[in-house]
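Undergrad:
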Amino acid sequence: MIVVSRLTATLITDLPLYPWTYKHLGIVDYLLVHRAFPPSGIDVYREWPAFFTSAAWFSDLTTLEPTALAHWFAPMTHLVLAFVVAALAATIGLDRRETLAAVMIAELANWVAQDYFAPQSYALLLGLGVLVTLLASRTAPAAGWLSLALFAALIPTHQLTPFWVFGAVVLLSLTRTIAPRWIVFPYAALLFGYLIPRSYIVFQHGGLSSLNPFANGAGNVEYAGSAAKVFTSLVCRGLSATVVLLALVAVVVWWRTGRPVLIPAVLTFSPFVLLVLNSYGGEAIFRVYLYAVPGCAVLIAPLLVASIRGGVGRYATAAGLAVIAAAGLQGYYGTWYLNVQSPSQLALMANLAEGARAPATMWNLHTSGFPARATAQAVSLAVYDNSYDTEIFDGMPSFATGFPNSRQFEEVTAQAASSAGDTYIVFSDEAKAALAYFGQAEPDDVDWFEGRFAASPVWCLRLQDETTTVYRYQEVCP
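When we follow the working numbering, the leftmost residue of the sequence shown carries the number 643, and every step to the right adds one.
Right under this line is the structure:
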């Protein structure tokens, strides 16, 4: 299943998926080149460095290029995730068939695509490992101390995941389902001992952004979007709701049949507490579902096995699994064409960063087709301006409405003329498709806007490949 649904994408692509993957690769490259993190203030990565230092160490030790490591990261992550979910199911008491069913459900229902080269995927595996070893301490007390060591490794990896794990540990302790119960205190000491010196960063980037779970559960896309976007969103929401509702039904079935349900219920529903505290940049709802999927899979698995054994019901179950699988693949690959990066684009962006005179500005219409900050040099440009490569819709308020128009072109030109460094604007086929997908602009409008730059005597063609064109502001084009 993992070979078909996850490995295939790696085999048919040349580079890692998702443009935001490359910001993580840039940090790793910076570590390998400079043997240090970028200066404070560029991003939060230096305060939660474990993923990046681990990746840089592994790349240095094996001589494997970070890009190759990132390319194979997703299928490897799913293999480890399958093992950890199996361990979780077995620790809770599922038999072999139920354990295999739990692994299958966890894979089929996970559409969130948080398996790319990033701290989140690494932290999810560590977090589940913490919970598995802690639960194993009920019969092997030494496992409790191992879980504490894993938790110590998790804390400097990711901002959000340790709080989900800690919340689950607190609930398990209160319900007397782990031993020793007092182990929650060293967990708290580790977590808050690390957080307190960095609390100013947490609040600088949102902190307790809202105590409204409905607001925190809203997504991070403000546009209704195209029919394709609406369809994929409905599929993802429908799949998520179905899985959570099935888990609720499973809780009742477990309870009525006398099966101990407290532990899997805590693991499944504890992530929803995060919605009370933070929106996580509009991504909290996705992380909550991601954290809940393993618990949901464990709860649903015995019902699945029982229904397969139950005669006529097996056909309905098979049909239901097929629908879940199709929905999961649609959610995972629905924006595939926006997230594939080409070697020529990566080389173009590296070339652009190498030749840019700081403080540089690199406008882009959308992150699709824009693998930014993929090299140490590209990260170094952020020392002068941390937002030098932002989307133009975010960086210029006038682009929020009425795009495109001549006034916006003139505003970009005026800002470029007053800048002390180089100013570039990047157009790509992927960005054009993304703007149409999310309902921000039609392709013809983007072509009109690009035409203003192509016809301008002060915006000169700097770089170009089969899908991407870069213009640079100069007083006179050569």
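Positions of the beta carbon are idealized from the N, C-alpha and C atoms, including for glycine.
Closer than 7 Å: is that where the CB of A744 sits relative to any heavy atom of the ligand HEM?
TA: Of the ligands one can find in the structure shown there are none, so the ligand HEM has no counterpart to examine.
Undergrad: Measure from the alpha carbon of F911 to the alpha carbon of each residue in L790, A810, A724, A760, then state which is nearest.
TA: It is A810.
Undergrad: With which residues is R1114 paired in a DSSP beta bridge?
TA: Answer is Y1066, C1102, bridged to R1114.
Undergrad: Please state the DSSP three-state secondary structure of W690.
TA: Residue state, collapsed to three classes: coil.
Undergrad: Using 8 Å for Cβ pairs, my map puts C938 next to A889. What's the rounded Cβ distance?
TA: Going by Cβ atoms, the distance from C938 to A889 rounds to 4 Å, so yes, they are a contact pair.
Undergrad: Check the DSSP bridge columns for E1033 and list the partner residues they point to.
TA: Its beta-bridge partners are N1006.
Undergrad: Pop quiz: Y664 and R1015 are said to be a contact at Cβ under 8 Å. What is the actual Cβ separation, rounded to whole angstroms?
TA: Sure, about 6 Å apart at Cβ, within 8 Å.
Undergrad: With H, G and I counted as helix, E and B as strand and the rest as coil, what does DSSP make of E1053?
TA: It is helical.
Undergrad: Please report the straight-line C-alpha distance between L1105 and L770, rounded to a whole angstrom.
TA: Computed Cα separation, rounded: 45 Å.
Undergrad: Given that a residue counts as buried once 16 or more other Cβ atoms are within 10 Å of its Cβ, and exposed if not, what is V745?
TA: Counting Cβ neighbours within 10 Å, V745 comes out buried, since at least 16 surround it.
Undergrad: What is the DSSP secondary structure of G900, reduced to helix, strand or coil?
TA: The answer is coil: DSSP assigns G900 none of H, G, I, E or B.
Undergrad: Expressed to the nearest angstrom, what Euclidean distance is found between the alpha-carbon atoms of L853 and Q1019?
TA: Confidence at L853 is low in this model, with a pLDDT of 49, below 50, so the placement of that residue is unreliable and no value is reported for it.
Undergrad: Between the alpha carbons of A995 and L1023, how many angstroms are there, rounded?
TA: Between A995 and L1023, the C-alpha separation is close to 8 Å.
Undergrad: Kindly indicate the opening and closing residues of the alpha helix (DSSP H) around P1121.
TA: The requested residue 1121 does not occur in the structure, where the chain is confined to residues 643 to 1120.
Undergrad: According to DSSP, is Q983 helix, strand or coil?
TA: Of the three classes helix, strand and coil, the one that applies to Q983 here is coil, per DSSP.
Undergrad: Would you mind giving the Cβ-Cβ distance between G683 and V1021, rounded to the nearest angstrom? I have them listed as a contact below 8 Å.
TA: In fact, because the Cβ distance is near 13 Å, the residues do not count as touching under 8 Å.
Undergrad: DSSP on S701, reduced to helix/strand/coil?
TA: Helix.
Undergrad: Measuring CB to CB, does I820 end up less than 8 Å from L776?
TA: In contact: I820 and L776 (Cβ atoms closer than 8 Å).
Undergrad: Pull up the distance between the alpha-carbon of R956 and that of V885, whole angstroms please.
TA: Taking the straight line joining both Cα atoms gives about 18 Å.
Undergrad: Count the other CB atoms, across all protein chains shown, that sit within 10 Å of the CB of D757; report buried if there are 16 or more and exposed otherwise.
TA: So D757 counts as buried.
Undergrad: My assumption, with CB atoms under 8 Å, is that Y804 sits in contact with L773. Please give the rounded CB distance.
TA: Note on residue identity: the sequence assigns Pro, not Tyr, to residue 804. Rounded, the Cβ-Cβ distance is 12 Å, inconsistent with contact.
Undergrad: Can you give the Cα-Cα distance for E689 and R677, rounded to whole angstroms?
TA: One C-alpha to the other measures close to 16 Å.
Undergrad: Which complete beta strand (DSSP E) runs does the region 733 to 763 hold, if anything under 3 residues is left out?
TA: Listed in chain order, nothing qualifies, since the region 733 to 763 has no complete beta strand (DSSP E) run of 3 or more residues.
Undergrad: Rounded to whole angstroms, how far is the Cβ of L674 from the Cβ of S701, which I believe are closer than 8 Å?
TA: At roughly 7 Å, the Cβ-Cβ gap stays under 8 Å, so L674 and S701 are in contact.
Undergrad: When you compare each of R951, T977, S949 to S1010 by their alpha carbons, which one comes out closest?
TA: Answer by Cα proximity: T977.
Undergrad: Give the straight-line distance between the Cα atoms of P658 and E1033, rounded to the nearest whole angstrom.
TA: In a straight line, the C-alpha of P658 is about 21 Å away from that of E1033.
Undergrad: What is the rounded straight-line gap between the Cα of I838 and the Cα of A791?
TA: Each residue's Cα considered, the two are about 20 Å apart.
Undergrad: Please state whether the Cβ-Cβ distance between F808 and Y829 is less than 8 Å.
TA: Yes, Cβ-Cβ distance for F808 and Y829 is below 8 Å.
Undergrad: Skipping 5 residues on each side, what residues in its chain have a beta carbon closer than 6 Å to that of S635?
TA: Outside the shown range of the chain (643 to 1120) lies residue 635, about which nothing can therefore be said.
Undergrad: Let's test the definition: count the other Cβ atoms within 10 Å of the Cβ of I654 and tell me whether it reaches 16, buried, or not, exposed.
TA: Exposed: under 16 other Cβ atoms inside 10 Å.
Undergrad: Terminal residues of the continuous alpha helix (DSSP H) containing G1121?
TA: The chain is shown from 643 up to 1120; residue 1121 falls before or after that span and cannot be answered.
Undergrad: Does any C-beta atom of chain D lie closer than 8 Å to the C-beta of A765?
TA: No chain D is part of this structure, which consists of one protein chain only.
Undergrad: For G970, collect the residues of the same chain with a Cβ closer than 7 Å to its Cβ; drop the 5 residues on either side in sequence, then sort them by chain order.
TA: Taken in chain order, the residues that qualify are L750, A751, N752, W753, L881.
Undergrad: On the three-state DSSP scale, how would you describe Q1082?
TA: Q1082 falls in the coil class under three-state DSSP.
Undergrad: Note down the Cα distance separating L813 from I747, rounded to an integer number of angstroms.
TA: Answer to the nearest angstrom: the Cα atoms are 25 Å apart.
Undergrad: Measuring straight from C-alpha to C-alpha, what distance separates V940 and S1061?
TA: Looking at the two C-alpha atoms, the distance is approximately 57 Å.
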